[in-house]
Amino acid sequence: PSRRRCRRRKGRSCGPVCLGRPHTGRVPSPPTRIAGVDVARGVALLGMGAVHVLPLEDAGGDPTWVEHVASGRSAALFAVLAGVGLALAYGPRPSLPRAGAAVVVRAALIGGVGLLLGLLDSGLAVILAYYALFFVLVLPWLRAGPRALAASALAVAVVVPFISRAVRDDLPDRDTASPDPGDLLEPVQLLSELLLTGYYPAAVWAAYLLAGLAVGRLALGSRRTALGLVVVGAALAAGAMAASALLLGPLGGLDRLRDVARVPEGETLEEVVQASRFGNVPTDSAWWLATDAAHSSTPLDMLATTGSSLMVLGLALLVSTRLVAPLAAAGSMPLTLYTAHVLVVATTDTDDPTRYYLTQVVVALVAATLWRRYLGRGPLEAAVAAAVRPLRRTRT
120 PSRRRCRRRK
130 GRSCGPVCLG
140 RPHTGRVPSP
150 PTRIAGVDVA
160 RGVALLGMGA
170 VHVLPLEDAG
180 GDPTWVEHVA
190 SGRSAALFAV
200 LAGVGLALAY
210 GPRPSLPRAG
220 AAVVVRAALI
230 GGVGLLLGLL
240 DSGLAVILAY
250 YALFFVLVLP
260 WLRAGPRALA
270 ASALAVAVVV
280 PFISRAVRDD
290 LPDRDTASPD
300 PGDLLEPVQL
310 LSELLLTGYY
320 PAAVWAAYLL
330 AGLAVGRLAL
340 GSRRTALGLV
350 VVGAALAAGA
360 MAASALLLGP
370 LGGLDRLRDV
380 ARVPEGETLE
390 EVVQASRFGN
400 VPTDSAWWLA
410 TDAAHSSTPL
420 DMLATTGSSL
430 MVLGLALLVS
440 TRLVAPLAAA
450 GSMPLTLYTA
460 HVLVVATTDT
470 DDPTRYYLTQ
480 VVVALVAATL
490 WRRYLGRGPL
500 EAAVAAAVRP
510 LRRTRT
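FYI, the numbering used here numbers position 57 of the sequence shown as 176, with every residue one higher than the one before it.
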């Protein structure tokens with residue numbers, strides 16, 4: 120009966136996220152995990168770890184494969200998948216008061232972990248405090264359909280960077296890459312950093328969650344959907360990069376930036392404009408918004424990294440789960456493994472980054488596989504779920 124009911128609902132997902140019963144207004148129990156989403160999340164974790172540990176430049180000062188492949192894209196994938204997870208966890212039409220309260224509590228706990236990690240001398244820009252605010256910002260869209268979500272994601276990605284450029288000069292300078300509990304004593308400064316001036320500016324990066332919410336409304340168990348994500352993602356990424364090249368080259372962007380850009384000795388203007396940023400570009404010229412550099416949070420950076428995220432998710436949905444089971448296990452406990460990674464980086468050092476990184480990867484994959492097989496949820500994921508459970512009528 121549930122299958123027949125699904126087929127009658129044209130345009131709705133009948134994949135593994137379809138519950139096959141009428142909407143009751145309650146927050147639904149979670150669907151069966153979609154392994155491909157966990158695999159993609161595992162890829163994001165490995166990519167972020169690589170950016171944190173491996174060299175981004177070689178001995179000659181040229182970008183390494185980590186800079187080309189993972190820098191900026193891994194964090195974006197992490198954020199897009201947060202939106203996908205939100206859609207799968209709460210369904211298409213959740214009860215806003217109850218689901219909203221659950222999301223806020225979850226965000227507060229994740230943000231709290233992020234602030235505590237900010238106390239460590241890790242040298243990393245910890246994403247979790249920003250990540251928590253991402254969830255809160257997208258609450259008004261929790262019941263929106265895929266088209267409205269996709270349109271909203273596009274609007275935020277394109278428009279908000281221009282608004283950010285217009286107002287950032289009037290905001291306090293960023294104090295740190297990773298906020299800590301002490302920053303709660305200066306709420307205006309903290310909110311300014313988390314929203315606009317920080318490493319992962321939530322007002323702009325909310326576009327990733329909106330895109331993920333839209334994708335989470337689709338039939339992710341369908342091969343056709345997965346292939347569509349690969350094609351659309353590749354086209355979006357390629358189109359954004361081509362647009363950036365056109366704006367900076369033939370349309371004169373680099374020439375306009377030549378008068379304002381600070382070019383260190385031994386570097387070219389092109390290298391400066393396309394170099395990885397720390398969440399934002401300078402505000403002295405609107406032409407900076409034409410770059411698609413990693414972590415620049417420009418419209419074209421947002422579109423390119425959203426595209427690469429969709430492509431990775433599509434490929435992860437297509438791959439045989441058995442071949443990448445350890446990666447899926449790691450992706451099922453991202454909060455635990457990300458926290459462990461920050462702790463390790465903060466308390467250890469190495470002269471061999473490659474060995475250091477590979478050791479972390481092997482330990483994480485083995486530990487996640489064993490933990491998931493014998494104990495289920497990751498420890499931090501289980502703690503967050505336990506805290507949220509009283510706010511829901513059914514299990515989270």
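For each residue, glycine too, the CB sits at the ideal point set by N, CA and C.
Keep in mind it's a predicted model, so treat the numbers as computed, not measured.
Proximity of residue i and residue j at Cβ, strictly below 8 Å
i, j, result
"L348", "L268", "no"
"L469", "G497", "A small fix is needed here, since residue 469 is Thr in this sequence, not Leu. Cβ distance not < 8 Å, so T469 and G497 don't count as in contact."
"A161", "G450", "Strictly speaking, residue 161 in this sequence is Gly, with Ala absent from that position. Contact flag set, yes."
"Y327", "V461", "no"
"L376", "L388", "yes"
"V255", "V223", "yes"
"A195", "L332", "no"
"F197", "A154", "no"
"S363", "A409", "yes"
"P291", "T417", "no"
"L484", "L442", "no"
"Y318", "A244", "yes"
"A201", "A226", "no"
"R284", "A413", "no"
"R343", "P265", "no"
"L258", "G230", "no"
"L494", "T458", "no"
Residue i Cβ short of 7 Å to the ligand FMN heavy atom set
i, result
"E186", "For the structure depicted, the ligand FMN is absent and the ligand set is empty, with no information on it obtainable."
Whole-angstrom C-beta distance between residue j and residue i, which should lie under 8 Å
i, j, result
"V188", "V156", "In fact, because the Cβ distance is near 21 Å, the residues do not count as touching under 8 Å."
"A435", "A159", "4 Å"
"A505", "L228", "Not quite, the Cβ-Cβ distance comes to about 10 Å (not below 8 Å), so this is no contact."
"L239", "A465", "4 Å"
"L315", "V286", "7 Å"
"L370", "V392", "With 8 Å as the limit, L370 and V392 do not qualify as a contact, their Cβ atoms being about 14 Å apart."
"V351", "L273", "Not confirmed; about 12 Å, so no contact."
"L510", "R217", "6 Å"
"G426", "L313", "In fact, because the Cβ distance is near 25 Å, the residues do not count as touching under 8 Å."
"L437", "A338", "The Cβ separation is near 14 Å, so there is no contact."
"L165", "V480", "6 Å"
"P472", "P174", "6 Å"
With 16 other Cβ atoms within 10 Å as the buried cut-off, status of residue i
i, result
"R492", "exposed"
"P211", "buried"
"V503", "buried"
"L489", "exposed"
"D411", "buried"
"R508", "exposed"
"G383", "Correcting the residue identity first, residue 383 is Pro in this sequence and not Gly. The residue in question, P383, is exposed, as its Cβ has fewer than 16 Cβ neighbours within 10 Å."
"E176", "exposed"
"P213", "buried"
"S439", "exposed"
"A448", "buried"
"V293", "Residue 293 is actually Arg in this sequence, not Val. So R293 ends up on the buried side."
"A178", "exposed"
"P147", "Its pLDDT being 41, under 50, P147 is placed unreliably by the model, and nothing is read from it."
"V379", "exposed"
"V482", "exposed"
"P306", "exposed"
"V334", "buried"
"V275", "buried"
Any C-beta of chain C under 8 Å from that of residue i
i, result
"V400", "As a matter of chain content, chain C is missing from the structure shown, which is built from one protein chain."
Would you check if the region 190 to 207 and the region 160 to 175 touch, i.e. whether three or more CB-CB distances between them fall below 8 Å? yes
For the region 218 to 237 against the region 291 to 307, are there 3 or more C-beta pairs whose distance is under 8 Å? yes
Validate contact between the region 394 to 411 and the region 317 to 324 using beta carbons, cut 8 Å, 3 pairs: yes
Just list the alpha helix (DSSP H) runs in the region 160 to 233, keeping only unbroken ones of 4 residues or longer that don't cross its boundaries, in chain order. 184 to 188, 192 to 209
Whether or not the region 406 to 423 and the region 347 to 365 are in contact is what I'm after, with contact meaning three or more pairs of Cβ atoms, one per stretch, closer than 8 Å; do they touch? yes
Where are the beta strand (DSSP E) runs, 3 residues long or more, that stay fully inside the region 432 to 484, in chain order? none
Report the start-end ranges of each alpha helix (DSSP H) in the region 369 to 394 that is 4 residues or longer and not cut off at the edges. 372 to 376, 388 to 392
Could you tell me which uninterrupted alpha helix (DSSP H) segments, each at least 4 residues in length, are contained entirely in the region 239 to 298, listed from first to last along the chain? 247 to 256, 265 to 286
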